[in-house]
Each structure stands twice: as C-alpha cells, then as structure tokens.
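Participant:
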Amino acid sequence: MMQELSLECFSNDVVRLDLTPPSQTSPTSLSIDEEESSEAKIRRLISEHPVIIFSRSSCCMSHVMKRLLTTIGVVPTVIELDDHEVSSLPMALEEEFSGGVLPSPAIFIGRECVGGIESLVALHLSGHLVPKLVQVGALWV
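If you number the sequence shown the way UniProt numbering does, the last residue is 141 and the count never jumps.
1) Measure from the alpha carbon of E118 to the alpha carbon of each residue in H49, A106 and T70, then state which is nearest.
2) Assign A122 to one of three DSSP states: helix, strand, or coil.
3) Taking I72 and V130 to be in contact with their CB atoms under 8 angstroms, please state how far apart those CB atoms are, rounded to whole angstroms.
4) Pull up the CB-CB distance for V136 and G115, whole angstroms please, since I reckon it's below 8 angstroms.
5) On the three-pair Cβ rule with 8 angstroms, is the region 60-78 touching the region 33-44?
6) If you run the structure through DSSP and keep just helix, strand and coil, what is V51?
7) Since V78 sits in a beta bridge, which residues does DSSP pair it with?
8) Would you call V51 buried or exposed, if buried means 16 or more other Cβ atoms sit within 10 Å of its Cβ?
9) Taking just the CA atoms, how far does S47 sit from L68?
10) Tell me whether A40 is buried or exposed, calling it buried when 16 or more other Cβ atoms sit within 10 Å of its Cβ.
11) Given a threshold of 16 other Cβ atoms within 10 Å of its Cβ, counted over all protein chains shown, does L125 qualify as buried or as exposed?
12) So is the beta-carbon of L68 under 7 angstroms away from any non-hydrogen atom of the ligand FAD?
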C-alpha cells in the first residue's frame, strides 16, 4: 500500500509533513511503501536525495548540520529515525560506511556516507564540501 505525503519547507528551517492525501502528486511529495523494510527505505532515500541526514529525533547536531548546509545554499533532506530504525542504519549501510560505528547524525552526499558532524565540518574547512555538493547537483554556483 502506497501513501503520499506532502512535504512543505518554510523559511525558518521548519519542515512539515501533511499526512492527508493530496489531490495530485507534487514534486515535493514523498512516497512511502508501508510494506518496505526500514533497511530498504534507508537505501531508497539515500539513492533519491543528493544530500540526506539521518538523525534521531532527539539529536541537536542534525540542526547544526542543516544550518551549515543552508548557509552554503543547500537544503538537505533530514530524516528522523525511530530507535528501531536507527538500529537498521548500520546494517543497511555496511558497504557505504567502513569507519566502524555509524555516527548519529549521519550525512550522505551523493549516495556516499560522509560521516557525522565532525567529518562534515572537516570537509567544509578543507574546501572540499562545496565542490562535492556541486558535483552531486545539490548546489549550483
């Protein structure tokens, strides 16, 4: 069973999901297959979004990541995971992240796991973040 969710972005970095079925599918709709496993959802979301952050709902570091990226001009997709979904993250991403324990929040740019907040900031300070974002089509300069 497929359910369409409408995603609205506001200027103050707030994203609202509208669970009522839209009259037509808009380009910002998210399709969720209720039969899909957490691991499959995570893999699909990574492949569909050039910049995506996976976080626990209680994590404040995802806000820091999002703020850095929006300052540069990129609006990342942020997925807040439930505890049982967070436990699926390492299994789903074994091949993508070889650094041992997957950080929370974890950011993916162009289907590649960058790591956590420290890795993102290091990438930015080294001058490699903007070219990487341009390369994956998340930023136009």
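Idealized CB from N, CA, C, for every residue including glycine. In this text the structure is predicted, and so the values were computed from the model without any measurement.
Facilitator: Per the coordinate set shown:
1) When only C-alpha atoms are compared, the closest one is A106.
2) DSSP, read as helix, strand or coil, puts A122 in helix.
3) With a Cβ gap of about 6 angstroms, I72 and V130 count as contacting.
4) Rounded, the Cβ-Cβ distance is 16 angstroms, inconsistent with contact.
5) No contact exists between the region 60-78 and the region 33-44.
6) In the three-state DSSP reduction, V51 falls in the strand class (E or B).
7) V78 pairs with I53.
8) V51 is buried by the Cβ-count criterion.
9) Each residue's Cα considered, the two are about 22 angstroms apart.
10) Here A40 is exposed: its Cβ has fewer than 16 other Cβ atoms, across all protein chains shown, within 10 Å.
11) The Cβ neighbour count for L125, taken over all protein chains shown within 10 Å, is under 16; the residue is labelled exposed.
12) Looking for the ligand FAD in the displayed structure turns up nothing, as the structure carries no ligands at all.
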